[in-house]
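To keep things clear, I will list the structure first and then write my remarks on it.
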Amino acid sequence: MNRAIYNFAFYLLLPIIVLRLLFRALVLPSPAYAKRWGERLGFVDLAHAHRKEQRWIWVHAASVGESVAISPLVIRLRQQRPEWGIVVTTMTPTGSERIEELFGNDVCHVYAPYDYAGAVKRFLKTFQPALVILVETELWPNLVHYSKRSGASIMVANARLSEKSYRGYQKFSALGKPMLQKIDCIAAQAETDAERFRRLGVSDQALHITGSMKFDLSLPDNLAAQTAGMAQRIEGTRLIWIAASTRDGEEEKVLAAFKLVKRELPTALLILVPRHPERFAAVERLCHKHSLQVVRRSDSAQIDALTDIFLGDSMGELLAYYGLAQLAFVGGSLVNTGCQNVLEPAALGLPVLVGPSQFNFQTICEQLTEVGALRTVGDENELARQVVRLLQDDDARQVMGGKGRTAVAANKGALERIYDLTVRYLPA
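Under our numbering, the first residue of the sequence shown carries the number 20, and numbering increases by one thereafter.
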């Protein structure tokens with residue numbers, strides 16, 4: 020009954036979802052949102068027809084962060100279980116682009132079906148996956164229900180459940196509890212995540228604490244060369260900090276902090292990398308509004324002594340941007356969107372600053388804070404103070420950065436544990 024109400028509500032919302040796609044495609048603009056709508060409605064026969072694989076694993080990763088997180092597992096499965104085809108679904112064009120960059124034609128990529136019955140059933144009928152792997156928190160009632168009814172096993176990899184999400188599931192337990200009880204395996208990032216799932220009715224048999232695969236990140240072989248190529252554009256010696264993966268409403272705070280930093284350190288350079296590419300132009304306009312001189316990555320101009328902001332308007336180069344900086348602020352955290360991946364700068368030996376909104380990486384932020392690799396700033400004023408303090412103190416930066424690199428190395432191993440769980444659910 021509760022799922023029937025959910026389905027009815029979802030159908031009512033479908034026109035709004037379509038209008039949202041049109042808005043993103045035409046107004047922002049991000050033309051990719053106007054394409055491949057059939058896939059979002061479960062019409063994936065054409066993509067399937069181009070593939071030779073006969074048996075399928077379905078991996079659902081909402082966007083870029085989840086795509087990167089699950090990529091080591093996908094690579095391992097393709098290497099050691101090549102008889103299985105893998106279809107990877109994402110919700111966003113940036114996620115789609117990242118999957119293509121990571122895997123090329125080695126996996127089948129389509130957009131995930133919207134979570135209404137017809138779309139999900141069409142998708143499942145086409146691919147007939149034996150195993151469905153959901154990444155982190157991508158739990159949808161119809162996706163889980165119809166996957167289970169089709170005979171597929173269901174696993175949540177890199178599973179996390181923040182206190183905020185836990186309260187949401189509690190509020191709608193009549194819908195959430197039956198969904199969670201259909202899941203065969205939840206590979207939780209930490210004991211705190213597992214305990215929240217347990218309180219929602221997930222059995223101990225289904226729960227496994229594996230750690231986070233995000234610790235198993237590997238740095239590209241060409242990263243040093245890529246960073247060196249960018250560094251050639253920067254004239255002279257500058258104190259450089261980066262604000263990475265910033266969100267709407269957050270750049271205003273970062274620029275306010277930067278102006279305070281400039282009072283103490285006039286030659287400081289800020290690398291600003293918005294999370295969503297459709298916002299690059301708007302962020303550049305915001306910088307000009309603050310009378311700041313901007314050079315975009317896509318431009319050919321040099322970054323000279325008059326340049327205030329190096330705007331990272333490219334995809335797939337975040338690690339190289341980090342490589343240019345002496346410290347990192349990770350965005351999504353001065354606005355309430357839960358912060359982005361703090362492990363990438365830590366793995367590169369950078370001190371990490373992050374705002375108070377951390378629910379996407381709560382456990383990892385706590386781990387890095389405990390060892391002294393990460394500091395939380397309450398607002399833009401505190402961000403400015405910490406940036407000035409760290410840019411002026413080489414020793415403090417080295418200590419924080421070293422602790423972060425050590426913490427990342429010490430927590431590797433989740434990939435092996437999650438892979439071992441995964442193959443248990445693959446038919447012979």
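In this text, a Cβ means the ideal position worked out from N, Cα and C, and glycines have one as well.
CB of residue i within 7 Å of CB of residue j, strictly
i	j	result
residue 78	residue 152	yes
residue 448	residue 72	As displayed, the chain neither begins before 20 nor continues past 447, which places residue 448 out of reach and without an answer.
residue 431	residue 391	no
residue 176	residue 61	no
residue 172	residue 444	yes
residue 63	residue 122	no
residue 161	residue 125	no
residue 215	residue 321	no
residue 344	residue 228	no
residue 358	residue 386	no
residue 292	residue 331	yes
residue 156	residue 67	no
residue 104	residue 75	yes
residue 407	residue 280	yes
residue 94	residue 107	no
residue 463	residue 210	Residue 463 falls outside the range modelled here, since the chain spans only 20 to 447, and no answer is possible.
residue 410	residue 305	no
residue 205	residue 178	yes
residue 424	residue 356	no
Whole-number beta carbon distance between residue j and residue i, since they are thought to touch under 8 Å
i	j	result
residue 349	residue 263	6 Å
residue 183	residue 360	The pair is not a contact, with the Cβ atoms about 19 Å apart (cut-off 8 Å).
residue 261	residue 365	Wrong, their Cβ atoms sit about 13 Å apart, outside the cutoff.
residue 419	residue 375	Between residue 375 and residue 419 the Cβ distance is about 19 Å, and since that is not below 8 Å, they are no contact.
residue 237	residue 208	Not confirmed; about 19 Å, so no contact.
residue 450	residue 297	Residue 450 lies beyond the range of the chain shown here (20 to 447); nothing can be said about it.
residue 441	residue 212	Going by Cβ atoms, the distance from residue 441 to residue 212 rounds to 18 Å, so no, they are not a contact pair.
residue 194	residue 25	6 Å
residue 362	residue 328	At roughly 25 Å, the Cβ-Cβ gap does not stay under 8 Å, so residue 362 and residue 328 are not in contact.
Per-residue DSSP class, three states only, for residue i
i	result
residue 225	coil
residue 432	coil
residue 234	helix
residue 75	strand
residue 130	strand
residue 315	strand
residue 250	helix
residue 421	helix
residue 342	helix
residue 173	strand
residue 57	helix
residue 202	coil
residue 37	helix
residue 395	strand
residue 163	helix
residue 361	coil
residue 62	coil
residue 329	strand
residue 27	helix
residue 104	strand
For residue i, the nearest candidate out of the options (CA to CA)
i	options	result
residue 372	236, 403 and 108	403
residue 37	272, 308 and 56	56
residue 164	196, 211 and 113	196
residue 429	91, 132, 226 and 235	235
residue 111	65, 140, 100 and 80	80
residue 524	324, 351 and 44	There is no way to answer for residue 524, as the model of the chain reaches only from 20 to 447.
residue 399	436, 424, 278 and 323	278
residue 434	70, 54 and 92	92
residue 102	120, 88, 65 and 149	149
residue 244	439, 82, 339 and 188	339
Chain C within 7 Å of residue i, Cβ atoms only
i	result
residue 124	Absent here is chain C; the protein component of the structure consists of one chain.
Ignoring anything shorter than 4 residues, give me the alpha helix (DSSP H) runs that lie fully in the region 250 to 284, in order along the chain. Counting only runs of 4 or more residues that sit fully inside the region 250 to 284, the alpha helix (DSSP H) segments are 270 to 283, in chain order.
Can you list, in chain order, the stretches of the beta strand (DSSP E) that have 3 or more residues and sit fully within the region 287 to 312? The qualifying runs are 288 to 293.
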